[in-house]
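K.L.:
Heads up: the protein sequence lines correspond to chains U and V, in order. Following the working numbering, the numbering of the first sequence begins with 41 at its first residue and continues without gaps. Following the working numbering, the numbering of the second sequence begins with 41 at its first residue and continues without gaps.
2 protein chains.
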Amino acid sequence: MEIAILGGTGDIGEGLALRWGRDTDHAITVGSREAERARETAADYSTRLEERGHAATVDGAANPEATADADVVVAGVPPYHVADTVEAVAESLSGVLVSPAVGMQRDEAGMHYHRPGAGSVAAVAADAAPEDVPVVGAFHPIPAHRLADLDADLGLHVPVVADDDDARETVIGLADAIEGLAGLDGGPLANAPEIEGLTPLLINLAGRNEGLSDLGVRFE
Amino acid sequence: MEIAILGGTGDIGEGLALRWGRDTDHAITVGSREAERARETAADYSTRLEERGHAATVDGAANPEATADADVVVAGVPPYHVADTVEAVAESLSGVLVSPAVGMQRDEAGMHYHRPGAGSVAAVAADAAPEDVPVVGAFHPIPAHRLADLDADLGLHVPVVADDDDARETVIGLADAIEGLAGLDGGPLANAPEIEGLTPLLINLAGRNEGLSDLGVRFE
Chain U
41 MEIAILGGTG
51 DIGEGLALRW
61 GRDTDHAITV
71 GSREAERARE
81 TAADYSTRLE
91 ERGHAATVDG
101 AANPEATADA
111 DVVVAGVPPY
121 HVADTVEAVA
131 ESLSGVLVSP
141 AVGMQRDEAG
151 MHYHRPGAGS
161 VAAVAADAAP
171 EDVPVVGAFH
181 PIPAHRLADL
191 DADLGLHVPV
201 VADDDDARET
211 VIGLADAIEG
221 LAGLDGGPLA
231 NAPEIEGLTP
241 LLINLAGRNE
251 GLSDLGVRFE
Chain V
41 MEIAILGGTG
51 DIGEGLALRW
61 GRDTDHAITV
71 GSREAERARE
81 TAADYSTRLE
91 ERGHAATVDG
101 AANPEATADA
111 DVVVAGVPPY
121 HVADTVEAVA
131 ESLSGVLVSP
141 AVGMQRDEAG
151 MHYHRPGAGS
161 VAAVAADAAP
171 EDVPVVGAFH
181 PIPAHRLADL
191 DADLGLHVPV
201 VADDDDARET
211 VIGLADAIEG
221 LAGLDGGPLA
231 NAPEIEGLTP
241 LLINLAGRNE
251 GLSDLGVRFE
């Protein structure tokens, strides 16, 4: 499978590229607005995987080139860049589009879910994508730094939402393929708000409870 | 400690009464709008605890009598009854008020968090309570049937929110006192929506994933 990670130089992109690079045979391409930055980052990821004895090659390209031919495209950018990032690659987008971003606002009490007018960030991505592109919400409650630390154990669940059953199954499989992650069926894309809302809760709990940091979630 | 569970004849009330009856020395009073129903239910809980060799006595009373003298009062009623239930006991309410209810709506996609205009069900409870009564949101993501089954293992986390630090610590302690539960500091009451929003997610995941039912959550 060919996987493009747009915003692949960012936190969640780094972890997904390294983990898929280590744990699968999928071809990973890091996308960025600047091709040179994408190539440098991809070379760094490849080096880090090689140093651990993994032959995986991570490629880098500008977002539209990374998107073309990709079976799965992850929009690993901040929530306020999801719409313009997806619109910028819309012409070359033919695979499944994955949205891991969460809109949040901090006040004096803590972090809060900032639900976009479209209903969810996943819905923002769906509105920006061509109509025939299946959109999947996934990887929200995964602590990015822990994901990018290949020595860290995960043992976490990944709820996955999509209207397209095949696309949802594909992404559940991509979650399962990472050692220590297990994908769960969260239902249609309209269930995205309940999943996106987990992230501010994890941040609040990690900030206030000794011994808890870089939190994920298990449903038991 | 004296604990009153208003709506103690309902699902979450049953589990809390039985577990606190088994695992602590606190005096438990089941409250209901009808005193006779409360007494019958309390007698049933006491019998079930005695059958397991626990001497705990659970008392029953009408909600206002149950509330008087209670150090902690749990509003274990459906979300649309929280305001009138709290208002009906306001004159005798002097302890900590605990809100475990969650507003939800189902559509064709699944269950969704229905956030009250006040901001959360916990905020609804706070608005209905006398100003000097500390309100605590807790016990939302605990599967009621599993809680009421004393043979069931829990192994779950209970995020707790309150503006009053002492009240929050008291309720974290009451969660910790139940075998298999661990209370977590969720911060001020303004963080209640992120916690109340867990319950519809748990219902959606339980309904769509084989082997998962009566779900709770662990933050790891």
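For each residue, glycine too, the CB sits at the ideal point set by N, CA and C.
For a contact meaning CB atoms closer than 9 Å, what does Pro228/U contact in chain V?
P.N.:
Position 188 of the first sequence, counted from the start, is the residue given in the question as residue 228/U. In chain order: Glu148, Ala149 and Gly150.
K.L.:
In the DSSP assignment, the beta strand (DSSP E) including His152/U goes from what residue to what residue?
P.N.:
Position 112 of the first sequence, counting from 1, holds the residue named residue 152/U. Here the beta strand (DSSP E) through His152/U covers Met151 to Tyr153.
K.L.:
Taking DSSP as the reference, what is the three-state secondary structure of Pro199/V?
P.N.:
To locate residue 199/V, count along the second sequence from 1; it is residue 159. Pro199/V falls in the strand class under three-state DSSP.
K.L.:
By Cβ distance, which residues of its chain are closer than 6 Å to Gly195/U, with the 5 residues on each side in sequence left out?
P.N.:
On the first sequence, residue 195/U is found 155 positions in, with the first residue counted as 1. For Gly195/U, where only same-chain residues beyond five positions count, the Cβ hits under 6 Å are Gly220.
K.L.:
Could you have a look at Val138/V and say whether DSSP puts it in helix, strand or coil?
P.N.:
Taking the second sequence and counting its residues from 1, one reaches residue 138/V at position 98. DSSP places Val138/V in strand when its eight states are reduced to three.
K.L.:
Mapping DSSP to helix, strand and coil, what is Thr97/U?
P.N.:
Residue 97/U sits at position 57 when you count from the first residue of the first sequence. Coil at Thr97/U, not helix or strand.
K.L.:
Distance, Cα to Cα, Thr81/V vs Ser72/V?
P.N.:
For the purposes of this step, residue 81/V is identified with residue 41 of the second sequence, where counting begins at 1. For the purposes of this step, residue 72/V is identified with residue 32 of the second sequence, where counting begins at 1. Taking the straight line joining both Cα atoms gives about 9 Å.
K.L.:
Where does Glu234/V fall in DSSP's three states?
P.N.:
Looking up residue 234/V in the second sequence gives position 194. Glu234/V: helix per DSSP, three-state reduction.
K.L.:
With three or more C-beta pairs closer than 8 Å as the rule, is the region 230 to 248 of chain U touching the region 151 to 161 of chain U?
P.N.:
Yes, the region 151 to 161 of chain U touches the region 230 to 248 of chain U.
K.L.:
In three-state terms, what does DSSP make of Ala192/U?
P.N.:
Indexing the first sequence from 1 puts residue 192/U at position 152. Residue state, collapsed to three classes: coil.
K.L.:
According to DSSP, Phe259/U sits in a beta bridge with which residue or residues?
P.N.:
Locating residue 259/U in the first sequence gives position 219, counting from the first residue. Val257/V, per the DSSP bridge assignment.
K.L.:
Span of the beta strand (DSSP E) holding Leu58/U?
P.N.:
Residue 58/U sits at position 18 when you count from the first residue of the first sequence. Note, Leu58/U: premise wrong, no beta strand (DSSP E); alpha helix (DSSP H) at Asp51 to Asp63.
K.L.:
Is the shortest distance between the beta-carbon of Phe179/V and the beta-carbons of chain U less than 8 Å?
P.N.:
The sequence position of residue 179/V within the second sequence is 139, counting from 1. By this cut-off, Phe179/V is not an interface position.
K.L.:
Confirm, please, whether the CB-CB distance from Ala166/V to Thr107/V is below 8 Å.
P.N.:
Reading the second sequence from its first residue, position 67 is the one you call residue 107/V. Reading the second sequence from its first residue, position 126 is the one you call residue 166/V. No.
K.L.:
Determine, for Arg258/U, whether the minimum Cβ-Cβ distance to residues of chain V falls below 8 Å.
P.N.:
Along the first sequence, read from residue 1 onward, the residue named residue 258/U stands at position 218. Yes, because at least one Cβ of chain V sits closer than 8 Å to the Cβ of Arg258/U.
K.L.:
Counting only the same chain and skipping the five closest in sequence on each side, list residues whose C-beta sits under 7 Å from that of Leu58/V.
P.N.:
Here residue 58/V corresponds to residue number 18 of the second sequence, with the count starting at 1. Closer than 7 Å at the Cβ level, and outside the excluded window around Leu58/V, lie Tyr85, Arg88, Leu89, Ala188 and Leu190.
K.L.:
Mind listing the chain V neighbours of Asp225/U? Cutoff is C-beta to C-beta under 7 Å, in chain order.
P.N.:
Within the first sequence, numbered from 1, the residue matching residue 225/U stands at position 185. What Asp225/U touches in chain V: Arg248 and Asn249.
K.L.:
Consider the Cβ of Ile235/V: report whether some Cβ of chain U lies at a distance smaller than 8 Å.
P.N.:
Taking the second sequence and counting its residues from 1, one reaches residue 235/V at position 195. Cβ-Cβ to chain U under 8 Å: yes for Ile235/V.
K.L.:
Classify Ala123/V as helix, strand or coil using the three-state DSSP reduction.
P.N.:
Your numbering for residue 123/V matches position 83 in the second sequence. DSSP places Ala123/V in helix when its eight states are reduced to three.
K.L.:
What residues in the region 82 to 113 of chain U have a beta carbon less than 7 Å from any beta carbon of chain V?
P.N.:
Within the region 82 to 113 of chain U, no residue qualifies.
K.L.:
Measure the CB-CB distance between Pro228/V and His180/V and report whether it falls below 8 Å.
P.N.:
As a position in the second sequence, residue 228/V is number 188, starting the count at 1. As a position in the second sequence, residue 180/V is number 140, starting the count at 1. Taking 8 Å as the Cβ cut-off, Pro228/V and His180/V do not qualify as a contacting pair.
K.L.:
Closest Cβ-Cβ distance between Gly195/U and chain V: below 8 Å?
P.N.:
On the first sequence, position 155 is the one that residue 195/U refers to. Yes, because at least one Cβ of chain V sits closer than 8 Å to the Cβ of Gly195/U.
K.L.:
Less than 8 Å between the beta carbons of Ala178/U and Val198/U, yes or no?
P.N.:
Working through the first sequence from its first residue, we reach residue 178/U at position 138. Working through the first sequence from its first residue, we reach residue 198/U at position 158. Their beta carbons are under 8 Å apart, which means Ala178/U touches Val198/U by this criterion.
K.L.:
I think Asn249/V touches Asn231/U, with their Cβ atoms under 8 Å apart; what is that distance to the nearest whole Å?
P.N.:
Taking the second sequence and counting its residues from 1, one reaches residue 249/V at position 209. Taking the first sequence and counting its residues from 1, one reaches residue 231/U at position 191. With a Cβ gap of about 13 Å, Asn249/V and Asn231/U do not count as contacting.
K.L.:
Compute the beta-carbon to beta-carbon distance between Ala101/V and Ala130/V, rounded to the nearest angstrom, for a pair I have assumed lies under 8 Å.
P.N.:
The residue given as residue 101/V occupies position 61 in the second sequence. The residue given as residue 130/V occupies position 90 in the second sequence. With a Cβ gap of about 17 Å, Ala101/V and Ala130/V do not count as contacting.
K.L.:
Taking only beta-carbon atoms, is Leu252/U less than 8 Å away from chain V?
P.N.:
Numbered from its first residue, the first sequence carries residue 252/U at position 212. Closer than 8 Å: yes.
K.L.:
Considering only the alpha carbon of each residue, which of Ala217/U, Gly251/U and Glu260/U lies closest to Asp65/U?
P.N.:
Position 25 of the first sequence, counting from 1, holds the residue named residue 65/U. Checking every option, the nearest Cα to that of Asp65/U belongs to Ala217/U.
K.L.:
Run the CB neighbour count on Glu54/V, radius 10 Å, all protein chains shown included, and call it buried at 16 or more, exposed below.
P.N.:
Along the second sequence, one-based indexing puts residue 54/V at 14. By the neighbour-count rule (16 or more Cβ atoms within 10 Å), Glu54/V is buried.
K.L.:
For Pro240/U, go through chain V and note every residue whose CB falls closer than 7 Å to its CB, in chain order.
P.N.:
As a working note, residue 240/U is residue 200 in the first sequence. By Cβ distance, chain V contributes Glu234.
K.L.:
Between which two residues does the alpha helix (DSSP H) harbouring Leu214/U extend?
P.N.:
Stepping through the first sequence from its first residue, residue 214/U is reached at position 174. Unbroken alpha helix (DSSP H) run through Leu214/U: Asp205 to Asp216.
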